[in-house]
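Participant: Pasting in a structure now, in structure tokens, and then I'll have a few things to ask.
Numbering (my numbering), first residue to last: 6 to 117.
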């Protein structure tokens, strides 16, 4: 139980403080809706200090007006998921006739 609290405290701290450096913006699949406004994911300080790298894959539902209606995590490191979801929920897409679903991927790299 104590270990769980420590991990949760670390995750909370990582999401509240971070660095935007080295978090590559996600990419939408070709042939899907075009992104009008992208928000970069913040690379959490704890993840950077622990040298956590990797990709986060998220399935998003885009409303006809272009806003992200929902985001479902497909995979990724737990320290990197929250900043990725927070970023993609701020994205805006060009309007379309109907609601669409597509995959988005964020890549976090340690040092460059």
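Note that the Cβ used here is the ideal one computed from N, Cα and C, for glycine as well.
Because the structure is a prediction, the values reported are computed rather than measured.
Inspect the beta-carbon positions of residue 60 and residue 112 and report whether they are closer than 8 angstroms.
Facilitator: In the chain shown, the residue the question calls residue 60 occupies position 55. In the chain shown, the residue the question calls residue 112 occupies position 107. A contact, by the Cβ cut-off of 8 angstroms.
Participant: In terms of DSSP beta bridges, what is residue 108 paired with?
Facilitator: Your numbering for residue 108 matches position 103 in the chain shown. 64, per the DSSP bridge assignment.
Participant: Can the beta-carbon of residue 107 be found closer than 8 angstroms to that of residue 79?
Facilitator: On the chain shown, position 102 is the one that residue 107 refers to. On the chain shown, position 74 is the one that residue 79 refers to. Judged by their CB atoms, residue 107 and residue 79 are not nearer to each other than the 8 angstroms cut-off.
Participant: Could you compute how far the alpha carbon of residue 102 sits from the alpha carbon of residue 68?
Facilitator: Position 97 of the chain shown, counted from the start, is the residue given in the question as residue 102. Position 63 of the chain shown, counted from the start, is the residue given in the question as residue 68. Rounded to the nearest angstrom, the two C-alpha atoms are 9 angstroms apart.
Participant: If you draw a straight line from the alpha carbon of residue 58 to that of residue 100, how long is it in whole angstroms?
Facilitator: For the purposes of this step, residue 58 is taken as the residue at position 53 of the chain shown. For the purposes of this step, residue 100 is taken as the residue at position 95 of the chain shown. Residue 58 and residue 100: Cα-Cα distance of roughly 33 angstroms.
Participant: Give the C-beta separation of residue 46 and residue 89 to the nearest angstrom, bearing in mind that I take them to be a contact with Cβ-Cβ under 8 angstroms.
Facilitator: Position 41 of the chain shown, counted from the first residue, corresponds to residue 46. Position 84 of the chain shown, counted from the first residue, corresponds to residue 89. That belief holds up - the Cβ atoms of residue 46 and residue 89 are roughly 5 angstroms apart, short of 8 angstroms.
Participant: Just mark residue 110 as buried or exposed, buried being the case when its beta carbon has 16 or more other beta carbons within 10 Å.
Facilitator: Reading the chain shown from its first residue, position 105 is the one you call residue 110. Result: buried.
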